[in-house]
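The working numbering puts the last residue of the sequence shown at 656; the count rises by one with no breaks.
These notes concern the structure reproduced below.
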Amino acid sequence: MKKVLLFLSLLIASNTFSIGVDTLKIKSNIKKVTLFFNGAQTTREATINLPKGKHLIVVEKLPSELNPQSIQIEGNQQGKILSVKHSLVYPDGKSKSIAVCKNKIKQQKIKIKELKNKIDVYNIEEKILLDNSNFSNKTAGTTISEIKEASAFYRIKLNEIRQKKLDLTIQTDSIKEVIQNLYVALNKKVSKEDKTFSKISFIVNCKAPVKEDFKISYFVASAGWSPLYDFRVTGIDKPLNIVYNAAIFQSTGEDWKNVKLTLSSNNPSLSNKKPELKPWFINREPVYEDNYAATGQAALSGIITDAETGEPIPFANITISQHGAMIAGTTSDFDGKYTIKPIKPGNYDLIVAFLGYVSIEVQNVTVAANTVVFKDFPLQPSSETLDEVMIIDHSTPSANKTSTMPKRSSRRSSASKVNGVRSSRNNSKVFYFNGYKTETTPTSIEYNIDTPYTILSDGNDYTVQIKEMKLGVNFVYYAVPKLEKDVFLIAEIYDWSKLNLLSGKASTYYKGTYTGETDINVDKIKDTLRLSLNRDRNIIVERTLLKEKNEKQFIGKNIKETINRSITVKNNKNKSIKIIVEDQFPISENKSVVIERLESSNGRVDDKTGKVVWNLALKPGEKKELTLKYSVKYPNRMHLNTE
Numbered sequence: 014m015k016k017v018l019l020f021l022s023l024l025i026a027s028n029t030f031s032i033g034v035d036t037l038k039i040k041s042n043i044k045k046v047t048l049f050f051n052g053a054q055t056t057r058e059a060t061i062n063l064p065k066g067k068h069l070i071v072v073e074k075l076p077s078e079l080n081p082q083s084i085q086i087e088g089n090q091q092g093k094i095l096s097v098k099h100s101l102v103y104p105d106g107k108s109k110s111i112a113v114c115k116n117k118i119k120q121q122k123i124k125i126k127e128l129k130n131k132i133d134v135y136n137i138e139e140k141i142l143l144d145n146s147n148f149s150n151k152t153a154g155t156t157i158s159e160i161k162e163a164s165a166f167y168r169i170k171l172n173e174i175r176q177k178k179l180d181l182t183i184q185t186d187s188i189k190e191v192i193q194n195l196y197v198a199l200n201k202k203v204s205k206e207d208k209t210f211s212k213i214s215f216i217v218n219c220k221a222p223v224k225e226d227f228k229i230s231y232f233v234a235s236a237g238w239s240p241l242y243d244f245r246v247t248g249i250d251k252p253l254n255i256v257y258n259a260a261i262f263q264s265t266g267e268d269w270k271n272v273k274l275t276l277s278s279n280n281p282s283l284s285n286k287k288p289e290l291k292p293w294f295i296n297r298e299p300v301y302e303d304n305y306a307a308t309g310q311a312a313l314s315g316i317i318t319d320a321e322t323g324e325p326i327p328f329a330n331i332t333i334s335q336h337g338a339m340i341a342g343t344t345s346d347f348d349g350k351y352t353i354k355p356i357k358p359g360n361y362d363l364i365v366a367f368l369g370y371v372s373i374e375v376q377n378v379t380v381a382a383n384t385v386v387f388k389d390f391p392l393q394p395s396s397e398t399l400d401e402v403m404i405i406d407h408s409t410p411s412a413n414k415t416s417t418m419p420k421r422s423s424r425r426s427s428a429s430k431v432n433g434v435r436s437s438r439n440n441s442k443v444f445y446f447n448g449y450k451t452e453t454t455p456t457s458i459e460y461n462i463d464t465p466y467t468i469l470s471d472g473n474d475y476t477v478q479i480k481e482m483k484l485g486v487n488f489v490y491y492a493v494p495k496l497e498k499d500v501f502l503i504a505e506i507y508d509w510s511k512l513n514l515l516s517g518k519a520s521t522y523y524k525g526t527y528t529g530e531t532d533i534n535v536d537k538i539k540d541t542l543r544l545s546l547n548r549d550r551n552i553i554v555e556r557t558l559l560k561e562k563n564e565k566q567f568i569g570k571n572i573k574e575t576i577n578r579s580i581t582v583k584n585n586k587n588k589s590i591k592i593i594v595e596d597q598f599p600i601s602e603n604k605s606v607v608i609e610r611l612e613s614s615n616g617r618v619d620d621k622t623g624k625v626v627w628n629l630a631l632k633p634g635e636k637k638e639l640t641l642k643y644s645v646k647y648p649n650r651m652h653l654n655t656e
């Protein structure tokens, strides 16, 4: 009885939502998108002339995945917003353009059947001729002229039949190409029209005729951004050039065309609920509620092809679902490639569908954090439309592999200098830093990109430049000859916190040449940020074991070995340099093994770790020699590697 009353109350509420009001379906355009590391808030704008009274405003064709709780409607206060409603609109299969396209395919298939019938008739006629062409059954006395006449008849007739069959086959192949193109067009229409959308409806009460400007915003999960940096050095006597970039991606189902972007370090998927302590029993581990969303972005990628020809299939529909609910989806591009990103780590069912081919459903696809699962699908042509489905458990061998998330965007948008906005945990204020307008907000870092960009809903990475700045840094050469013969040029940034860096990928360039990639983890950087820029082979560092100076003594039941090493550093550059050389003394964890540090050429020694550091200044052509000498005393029953 309670369920019946609840149903009736919902039905009455649904009906009274729009009773006595005018209904207006409006067109809105995406003007602004605020991107988070996981997710995005989309803001649409629309201007409407409204007469006096109540009006039901409807915004359609929105992403099905939008979070209803995130919907915000703002007006210019000339009309009062009374109520807001979200609903899903499922495909009804009544699209006229889809029906027209299907009818064209049906007509072309009828033509193929007609041509096939003609070919079958010619096959029968050819068989009759061949069955009656055997002269061995004829009565004796057939003349040569009769044989020639019969041969000419069969030759002409058979050539005529086979030419007709060839012409019909060519026509059939041509119609098949038309059908294939119609299927591509049909799937393109299906991917846009025959799917579930969100609809937002809200009632506005106007006391007088008004021109109302509305902003409709909502949150979608299938979008995000990640920081990228370029560190460029043209010479050690010049400033370090830092380019702030962002890799932006989305597969929300709607393209962002010429929109203003804001990049935020916030994470709306994290719960705002304060964690609560529970009783901790000493004999078991405490259990706490998970207050955080799953971290780490994942992706699905691959290519859809025709299993018989190997040709790519564009506009194939790829969707992923979890527990029966669709999570995200996309369509393959003109090369048959698809990408769905970002995806939360977990297990998913994957469906690939293209009209005219057997659909494939792959169950239990595991997607781990910070990985890309590559799955390619060869589809088998089918005489049916979407009735046939091939179901595959993920344990079945298929074209499948994983890798870490892409390091760099494959598609780069044209970039220009724009304002970068930095936020800190102070009261909001505006100031200028190196010519860039900077604003602070209470809780997050944000960058406002004033130049509009177009980001398509294809899951690909689009690189957007945020800002560019020059910074004076300390360039130092480092050498660790025990591990590596080469010398490394390092840029040391002391007051790096003012740079407002976020954890992300960084590419390094030296004198215009790409030298490598590194990870910046701001949580692990201490006082100084060190960037390795280049290997410099004009500085020679050699580490040599001086065997002639080494000693080995037997003292009772003990052995004492003395080890001598020489480290030579030579500057072959035409400029003076600063170089830091690192080596180490061994350390002992066994009381029976005694290590004595004898010589370190005035190097700075860390007593706990045994690390030795030399800070050297070398003029052009100058050479310095360092000595590392120590002794190891140990019981003669032990076998130690003392070198």
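C-beta: ideal position from N, C-alpha, C; glycine also.
Please read these numbers as outputs of a predicted model, since none were measured by experiment.
Strictly by DSSP, which residues pair up with residue i?
i	result
residue 553	583
residue 245	254 and 522
residue 565	574
residue 218	67 and 93
residue 488	504
residue 482	255
Out of curiosity, what's the CA-to-CA distance linking residue i and residue j?
i	j	result
residue 266	residue 582	60 Å
residue 488	residue 476	29 Å
residue 340	residue 202	21 Å
residue 56	residue 250	46 Å
residue 137	residue 169	17 Å
residue 630	residue 640	17 Å
residue 124	residue 183	13 Å
residue 428	residue 478	Confidence is the limiting factor: at residue 428 the pLDDT is only 33, short of 50, which leaves the residue's position unreliable, though a coordinate-based value still follows. About 5 Å.
residue 332	residue 71	27 Å
residue 256	residue 459	16 Å
residue 345	residue 465	26 Å
residue 316	residue 391	8 Å
residue 35	residue 95	14 Å
residue 100	residue 58	20 Å
residue 546	residue 602	37 Å
residue 292	residue 384	37 Å
residue 253	residue 576	42 Å
residue 561	residue 578	11 Å
residue 457	residue 272	22 Å
residue 516	residue 532	8 Å
residue 200	residue 180	30 Å
DSSP three-state call for residue i: helix, strand or coil?
i	result
residue 254	strand
residue 208	coil
residue 497	coil
residue 614	coil
residue 335	strand
residue 144	helix
residue 293	coil
residue 532	strand
residue 287	coil
residue 346	coil
residue 621	coil
residue 196	helix
residue 471	coil
residue 365	strand
residue 227	strand
residue 62	strand
residue 17	Because residue 17 carries a pLDDT of 38, less than 50, the predicted location of this residue cannot be relied on, and the following value inherits that uncertainty. Looking at residue 17 - three-state DSSP - the assignment turns out to be helix.
residue 137	helix
residue 537	coil
residue 628	strand
Can you tell me whether residue i is buried or exposed? The criterion is at least 16 other CB atoms within 10 Å of its CB, across all chains shown.
i	result
residue 134	exposed
residue 642	buried
residue 279	buried
residue 471	buried
residue 64	exposed
residue 47	buried
residue 558	exposed
residue 620	exposed
residue 687	The chain is shown from 14 up to 656; residue 687 falls before or after that span and cannot be answered.
For this session: Please go through the stretch 72 to 97 and give each complete beta strand (DSSP E) segment of 3 or more residues, from N-terminal end onward.
Result: 80 to 87
For this session: Note down, one range per segment and in chain order, each alpha helix (DSSP H) of at least 4 residues found wholly within the stretch 147 to 191.
Result: Uninterrupted alpha helix (DSSP H) stretches at least 4 residues long and entirely within the stretch 147 to 191 do not occur.
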